[in-house]
Amino acid sequence: MKQQVQVDIFIPCFIDQLFPETGLNMVKVLEQLGCSVNYPKGQTCCGQPACNSGFQDEARSIAKKFCKDFGGTDRYIVAPSGSCVGYVVNQYDHLLKNAAEYNTYKKIKPRIFEFADFLVSVLKVNDLNVSFPAKATYHDGCGALRECHIKDQPRQLLAQVQGLELTEMKECETCCGFGGTFAVKFEPISIGMAQNKVESALAAGVEYIISSDMSCLMHLDAYIQKQHIPLKTMHIADVLAAGI
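Structural data, given as structure tokens:
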């Protein structure tokens, strides 16, 4: 019998508080694919909001806690957020450079994956056997694309979904305008960027905007709802779990 892949899941704070079903659907897909899934109960935030707001000492404390929460095993760490994974992979090196936890971080770094990347790069998924009949386009979140270099992986997975017609929109790699505190500090610019993204999706003639970052989708959906636009947003984990 093939040995199960051991996985610790990291659930970002906004998914935990606002979109728990996405976290549950990620677990559903991982278990369907034969993974043994563990949830470290003491986990909290990765620290990105504090770091982006200039609170380096506080962000460092959170990074140290993350290393404590996830550094005690050799299991893979999987999260439904390219933004959070990108932050851990790229910013912890600076934050923890002179800390005792730095060696733990170096062991964590090659084990942490964004969900879609994990399915393609580690599990080598090539036959999902799921169905989701719809017309959709994919939004490349900045964290996933620019920090984790994730581009083809989610598209490879969505190509396996029966009935899903995936169309590339012109602005697929353009930032949605969320950027965490950016959306609060520069609201007019943020709204304009969301408008640009949504109009690009509408021009592609789709029903859904799919992404691997719920933070991007939350921002876009707020604009869509405010403007009463006939579009829906959906995390890739929710799409893949819909047919299970």
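Going by this note's numbering, the sequence shown opens with residue 8, and the numbers climb by one from there.
Built from N, CA and C at the ideal position, the CB exists for glycine as well.
CA-to-CA distance, residue j to residue i, given in whole angstroms
i           : j           : result
residue 210 : residue 176 : 7 angstroms
residue 54  : residue 70  : 6 angstroms
residue 138 : residue 250 : 5 angstroms
residue 201 : residue 22  : 20 angstroms
residue 203 : residue 61  : 28 angstroms
residue 245 : residue 30  : 9 angstroms
residue 189 : residue 220 : 16 angstroms
residue 198 : residue 191 : 10 angstroms
residue 96  : residue 67  : 14 angstroms
residue 28  : residue 87  : 11 angstroms
residue 8   : residue 34  : For residue 8, the predicted model reports a pLDDT of 40, less than 50, meaning its position is unreliable and no value from the coordinates is stated.
residue 80  : residue 14  : 10 angstroms
residue 133 : residue 223 : 27 angstroms
For residue i, three-class secondary structure by DSSP
i           : result
residue 146 : coil
residue 78  : coil
residue 8   : Because residue 8 sits at a pLDDT of 40, beneath the cut-off of 50, its placement in the model cannot be relied upon, and the following sentence gives the value as read from the coordinates. Residue 8 falls in the coil class under three-state DSSP.
residue 23  : helix
residue 167 : coil
residue 178 : coil
residue 135 : coil
residue 237 : coil
residue 50  : coil
residue 251 : coil
residue 252 : Since the displayed the chain opens at 8 and closes at 251, residue 252 lies outside it and no answer follows.
residue 104 : coil
In DSSP terms, what residue i is bridged to
i           : result
residue 120 : 85
residue 218 : 242
residue 14  : 44 and 83
residue 172 : 142
- [ ] Count the CB pairs spanning the region 170 to 185 and the region 107 to 115 that are closer than 8 angstroms, and state whether there are at least three.
- [x] no
Open item on the list: So, does the region 206 to 220 touch the region 235 to 245, judging by three or more C-beta pairs under 8 angstroms?
Closed with: yes
Open item on the list: I want to know whether the region 135 to 149 touches the region 215 to 222 - three or more CB-CB distances under 8 angstroms.
Closed with: yes
- [ ] Evaluate the contact criterion for the region 38 to 55 versus the region 91 to 100: three or more CB pairs, one atom per stretch, below 8 angstroms.
- [x] yes
Task: Cβ pair count under 8 angstroms reaching 3, the region 65 to 81 against the region 100 to 111 - done: yes
Task: Touch test, the region 156 to 164 against the region 94 to 103, Cβ-Cβ under 8 angstroms, three pairs minimum - done: no
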